[in-house]
Amino acid sequence: MAGHSTEQADVIVVGGGLSGLVAATEIADAGKRVIVVDQEGEQSLGGQAFWSFGGLFLVNSPEQRRLGIKDSFDLAMQDWLGTAGFDRDEDFWPRKWAEAYVAFAAGEKRDWLRAMGHRIFPVVGWAERGGYDAMGHGNSVPRFHVTWGTGPGIIEPFERRAREAAKSGRLIFRFRHRVDALSITNGTVDGVSGAILAPDSVERGRSSSRTVVGEFALKAQAVIVASGGIGGNHDLVRANWPERLGEPPKFMISGVPEHVDGRMIGITEKSGARLINRDRMWHYVEGIQNWNPIWPRHGIRILPGPSSMWFDATGTRLPAPLFPGSDTLGQLKYIMSTGYDYSWFILTQAIIKKEFALSGSEQNPDLTGKSWRMTLRRATNKGAPAPVEAFKSHGVDFIVRDKIEDLVAAMNKLAGSDLLKLDHIRMQIEARDREIANPYVKDAQLMNIHNARRYIGDRLIRTASPHRILDPAQGPLIAVKLNILTRKTLGGFETDLDSRVFGEEGQIIPGLYAVGEAAGFGGGGVHGYRSLEGTFLGGCLFSGRNAGRAAAKAVG
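Here the numbering used here is used: the first residue of the sequence shown is 1332, the next is one more, and so on.
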């Protein structure tokens, strides 16, 4: 085993994900010396953001205005508060963060990123559409801006800045350094200590070695915890599962690598930091098992358009407004109330071709590779995008049949039950299909489809022309078994607007900051109960920036 290493800097950042990179680069740009420690190797720099679709929440952007979308701070704030549902004493700082963040999204966020070379795909997406009243959950207008280059495209400007700072000596990376404890002197956090792990060149996302080859201790005037959440630790997810969502799922798949285990959250809490809203979490209900997995239990989320019919495990259509893309938490609550932890899409080839996208940089090589030629093929290809067709061919959750009788039989076989009754499924599909002939209908999902197609972005690339599910010309029929996919922690360490962490007695802990998912993306839960954004990159950017700038000033 190697010896004990000791270093000193102005600030230590624990975690080399997006929020940690943002904080570190702000500190280095302020002329301070910062050390970034991460238990994973250099190949994992950027963390979970690398795997993301690269979505960003922007308000009244040029992209929106070009598409005829009329947005404003007031409308976005109304939507945010209606979605968050802040209702606790602990929501004081989360609400402050929400107001500041929406102002950031309506103000300098886009220009700040653009000045670093960041670019946006011109068609704005519409996440979390809601379907309740104007003051309820959901985005009133499309606000989901996809980074040109997806997740890697959002990381690139900050990685570039970090490596430039490293060349000048203002930033030092310490990869394969696992933090085991915070150092506290006279009530002030002034360092970290832990184990040096053996070098490991394992592919990004795969589980790396935990063999210890040495020890280290680092000293600084401030420590920023940017260690992520708990999504890879299913035991911890179940332990924090809220009663309001019913019993936790018996079977879940993971939207994040195994090392996203909440370990550093526990270490920081034991040091006196106040963790709030731990029962608020964000897990997707359209998860499919990855046929080509990278990490254990690797799942991918379907980003569906509005047309697939959604059935619970018993074959009953989900009630309005729980349509694809409408209300993730509402869908999760309903699905768990059925006593089962899965549900089904039934759709056609025409729908999957236009409406199915898969979340993740690796599932969108056209956008990730910044290829306009490949991107345009989405509109001209006869089939769905190649990654979607690969899942349709190889994914264990996909079933393709020409006849509804054969489809339902195969669905029951896959589920290992006889819960689905052909007559019940057929009756609901035929009832929906009878309403297709008119543009004015009483079926709420069809109303939603007609509404979506009034937006040019949806009409062009996200919403299929309304048609009968049982029309053979639109086939074949497709069923997809949907699993619960773990993703994000919405609660976290309570922080003020400078990302300084509060202790259990309500006092600021000197020298301690928290950002990103560890801080509930700001304040201990800027999203409240639900995420309006449909993305979490913005909270990493904003909290990391605030912490980096505040810490740089504080250390003198």
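The beta-carbon is built from N, C-alpha and C at its ideal position, and this holds for glycine as well.
Keep in mind that this is a model prediction, so the values were computed, not measured.
Q. At a cut of 8 Å, does the region 1742-1758 reach the region 1807-1820 through at least three beta carbon pairs?
A. yes
Q.
Can you tell me whether Ser1702 is helix, strand or coil according to DSSP?
A. Counting from 1 along the sequence shown, the entry for residue 1702 is found at position 371. Coil.
(Q) Between the alpha carbons of Glu1495 and Leu1868, how many angstroms are there, rounded? (A) Numbered from its first residue, the sequence shown carries residue 1495 at position 164. Numbered from its first residue, the sequence shown carries residue 1868 at position 537. Looking at the two C-alpha atoms, the distance is approximately 23 Å.
Q.
Can you list, in chain order, the residues of its chain with a C-beta nearer than 8 Å to that of Tyr1665? Leave out the 5 residues immediately preceding and following it.
A. Residue mapping note: residue 1665 aligns to position 334 of the sequence shown, counting from 1. For Tyr1665, where only same-chain residues beyond five positions count, the Cβ hits under 8 Å are Asp1643, Leu1649, Pro1650 and Leu1653.
Q) What distance in whole Å lies between the Cβ atoms of Ile1503 and Val1342, which are believed to be in contact at a cut-off of 8 Å? A) Here residue 1342 corresponds to residue number 11 of the sequence shown, with the count starting at 1. Here residue 1503 corresponds to residue number 172 of the sequence shown, with the count starting at 1. Not confirmed; about 11 Å, so no contact.
**Q.** Alpha-carbon spacing of Gly1560 relative to Arg1611, whole angstroms
**A.** Walking along the sequence shown from the start, residue 1560 turns up at place 229. Walking along the sequence shown from the start, residue 1611 turns up at place 280. For Gly1560 and Arg1611, the distance between alpha carbons rounds to 12 Å.
Q | Straight-line Cα distance separating Gly1518 from Ser1690 | A | Taking the sequence shown and counting its residues from 1, the one referred to as residue 1690 is at position 359. Taking the sequence shown and counting its residues from 1, the one referred to as residue 1518 is at position 187. Going from the Cα of Ser1690 to the Cα of Gly1518 covers about 43 Å.
Q. Counting only runs that start and end within the region 1332-1366, where is the beta strand (DSSP E) found for 3 or more residues in a row?
A. 1335-1339 and 1342-1345
Q | Boundaries (first-last residue) of the beta strand (DSSP E) holding Ala1548 | A | Residue mapping note: residue 1548 aligns to position 217 of the sequence shown, counting from 1. Ala1548 -> beta strand (DSSP E) spans Val1543 to Lys1550.
Q) So which of Leu1828, Ala1881 and Leu1791 has the shortest CA-CA distance to Pro1453? A) As a first step, residue 1453 must be located in the sequence shown, where it is residue number 122. Cα-wise, what sits closest to Pro1453 is Leu1791.
Q) Sorted by chain position, which residues of the same chain lie with C-beta nearer than 7 Å to Asp1774's C-beta, five sequence neighbours on each side aside? A) Residue numbering aside, residue 1774 sits at position 443 when the sequence shown is read from its first letter. Contacts found: Arg1763 and Glu1766.
**Q.** CA nearest to the CA of Ala1885, picked from Gln1339, Ile1358 and Val1353
**A.** Position 554 of the sequence shown holds residue 1885. The shortest C-alpha separation from Ala1885 is found at Ile1358.
(Q) Nearer than 7 Å: is that true of the beta carbon of Asp1369 relative to any heavy atom of the ligand NAD? (A) As for the ligand NAD, it is missing from this structure, which has no ligand bound.
Q. Hey, how far is the Cα of Val1543 from the Cα of Ser1532?
A. Indexing the sequence shown from 1 puts residue 1543 at position 212. Indexing the sequence shown from 1 puts residue 1532 at position 201. Roughly 15 Å between the two C-alpha positions.
Q) Thinking C-alpha only, which one of Phe1384, Phe1475, Ile1366 and Glu1459 is nearest Asn1391? A) To locate residue 1391, count along the sequence shown from 1; it is residue 60. Nearest of Phe1384, Phe1475, Ile1366 and Glu1459 to Asn1391, Cα basis: Phe1475.
Q) What's the gap between the Cα of Lys1550 and the Cα of Leu1634? A) Here residue 1550 corresponds to residue number 219 of the sequence shown, with the count starting at 1. Here residue 1634 corresponds to residue number 303 of the sequence shown, with the count starting at 1. Spanning the two alpha carbons is a distance of roughly 44 Å.
Q) Below 8 Å, can you find three or more Cβ-Cβ pairs linking the region 1597-1611 to the region 1689-1707? A) no
Q | the region 1852-1869 / the region 1616-1629 touching (three or more Cβ pairs under 8 Å) | A | no
**Q.** Meets three-Cβ-pair contact criterion under 8 Å: the region 1815-1823 and the region 1843-1850
**A.** yes
Q.
For Gly1347 and Val1368, what's the separation of their Cα atoms in angstroms?
A. To locate residue 1347, count along the sequence shown from 1; it is residue 16. To locate residue 1368, count along the sequence shown from 1; it is residue 37. The straight-line gap from Cα to Cα measures roughly 7 Å.
Q: Under 6 Å Cβ to Cβ from Arg1450, same chain only, skipping five residues before and after it: list those, please.
A: Taking the sequence shown and counting its residues from 1, one reaches residue 1450 at position 119. Here the set comprises Trp1479.
Q. Hey, quick one: how far does the beta strand (DSSP E) through Val1520 stretch, first residue to last?
A. For the purposes of this step, residue 1520 is taken as residue 189 along the sequence shown, with counting starting at 1. Val1520 -> beta strand (DSSP E) spans Thr1519 to Leu1528.
Q: Tell me where the alpha helix (DSSP H) around Ala1717 begins and ends.
A: By one-based count along the sequence shown, residue 1717 stands at place 386. Here the alpha helix (DSSP H) through Ala1717 covers Ala1717 to His1725.
Q. What distance in whole Å lies between the Cβ atoms of Arg1537 and Leu1528, which are believed to be in contact at a cut-off of 8 Å?
A. In the sequence shown, the residue the question calls residue 1528 occupies position 197. In the sequence shown, the residue the question calls residue 1537 occupies position 206. Not quite, the Cβ-Cβ distance comes to about 14 Å (not below 8 Å), so this is no contact.
Q: Drop a sphere of 10 angstroms on the beta-carbon of Pro1580, count the other beta-carbons inside from all chains shown, and report buried for 16 or more, exposed for fewer.
A: Start at 1 with the first residue of the sequence shown, and residue 1580 comes out as number 249. With 16 or more other Cβ atoms within 10 Å, it is buried.
Q.
Can you tell me whether Asn1769 is buried or exposed? The criterion is at least 16 other CB atoms within 10 Å of its CB, across all chains shown.
A. Numbered from its first residue, the sequence shown carries residue 1769 at position 438. Exposed is the call here.
Q: Give me the Cα-Cα distance between Tyr1860 and Glu1600, rounded to the nearest whole angstrom.
A: As a first step, residue 1860 is located in the sequence shown; it is residue number 529 there, counting from the start. As a first step, residue 1600 is located in the sequence shown; it is residue number 269 there, counting from the start. In a straight line, the C-alpha of Tyr1860 is about 22 Å away from that of Glu1600.
Q: Look at Pro1588 and Gly1563 and say whether their C-beta atoms are less than 8 Å apart.
A: Within the sequence shown, the letter at position 257 stands for residue 1588. Within the sequence shown, the letter at position 232 stands for residue 1563. Yes, the Cβ-Cβ distance between Pro1588 and Gly1563 is below 8 Å.
Q | Continuous alpha helix (DSSP H) stretch holding Tyr1665: start and end | A | Taking the sequence shown and counting its residues from 1, one reaches residue 1665 at position 334. Unbroken alpha helix (DSSP H) run through Tyr1665: Thr1659 to Ser1668.
Q) Looking at Pro1807 and Arg1757, is the spacing between their C-beta atoms short of 8 Å? A) The residue given as residue 1757 occupies position 426 in the sequence shown. The residue given as residue 1807 occupies position 476 in the sequence shown. Cβ distance not < 8 Å, so Arg1757 and Pro1807 don't count as in contact.
Q: For the region 1395-1473, list the alpha helix (DSSP H) runs that are entirely contained and at least 4 residues long, ordered along the chain.
A: 1404-1415, 1423-1437 and 1440-1445
Q. For Asn1743, does the three-state DSSP call read helix, strand or coil?
A. Taking the first residue of the sequence shown as position 1, residue 1743 is located at position 412. Of the three classes helix, strand and coil, the one that applies to Asn1743 here is helix, per DSSP.
Q) Around the C-beta of Pro1718, are 16 or more other C-beta atoms found within 10 angstroms, so that it is buried, or is it exposed? A) Residue mapping note: residue 1718 aligns to position 387 of the sequence shown, counting from 1. The residue is buried, with at least 16 neighbouring Cβ atoms inside 10 Å.
**Q.** Nearest-angstrom Cα separation, counted from Asn1877 out to Gly1837
**A.** On the sequence shown, position 506 is the one that residue 1837 refers to. On the sequence shown, position 546 is the one that residue 1877 refers to. About 20 Å.
Q) Can you tell me the Cα-Cα spacing of Leu1753 and Ile1631, whole angstroms? A) Taking the first residue of the sequence shown as 1, we reach residue 1753 at position 422. Taking the first residue of the sequence shown as 1, we reach residue 1631 at position 300. Approximately 29 Å between the Cα atoms of the pair.
Q.
Comparing C-alpha positions only, which one of Phe1404, Val1433, Ile1366 and Met1778 sits nearest to Glu1338?
A. What you label residue 1338 is simply residue 7 of the sequence shown in a count that begins at 1. Among Phe1404, Val1433, Ile1366 and Met1778, the Cα nearest to that of Glu1338 is on Ile1366.
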